[in-house]
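Novice: If you're matching positions, the sequence shown starts at -15 in this note's numbering and goes up one per residue.
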Amino acid sequence: RPPSLHALWRPRMFFTPSMVATELPLMAAKAAFLWSTRCNHPEGGAMNEFQQGLLTTATLLQSLRLIYTFRLTNLGKRVTTILSAFLSGAILEMLVVVILMFSSVNLA
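1) I need the straight-line Cα distance from residue 81 to residue 55, nearest angstrom please.
2) Alpha carbon to alpha carbon, how far is residue 58 from residue 69? Give it in angstroms, no decimals.
3) Would you kindly check if the distance between the Cβ of residue 67 and the Cβ of residue 10 is under 7 Å?
4) Could you check if residue 43 is buried or exposed, using at least 16 other CB atoms within 10 Å of its CB as the buried criterion?
5) For the candidate residues 53, 7 and 18, whose alpha-carbon lies nearest to that of residue 36?
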């Protein structure tokens, strides 16, 4: 539910848990990206690795926000069910093992 005029007098009503979880990190990543772009390259040019990381983070957070918004539709309910299955304990354990094996081979 969008905040009403009543939220202007009570800021705690405006900062709901879903807003803090989805909007604030996205806004912070976008602001950091814009600030670093403005400070480092006022005339343009190539982005450095930090700026590329911020842009990637903002894109990832925007896609997570879209998935979080999709939970209200029938298609989104299926997507969140699939995501919760992917984030189950057994799958996460297998991912950790695969990442550790890949990193040991890659770093050797």
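Where a beta carbon is used, it is the ideal one built from N, C-alpha and C, also for glycine.
Specialist: Inspection of the coordinates gives the following:
1) 30 Å
2) 17 Å
3) no
4) exposed
5) 18
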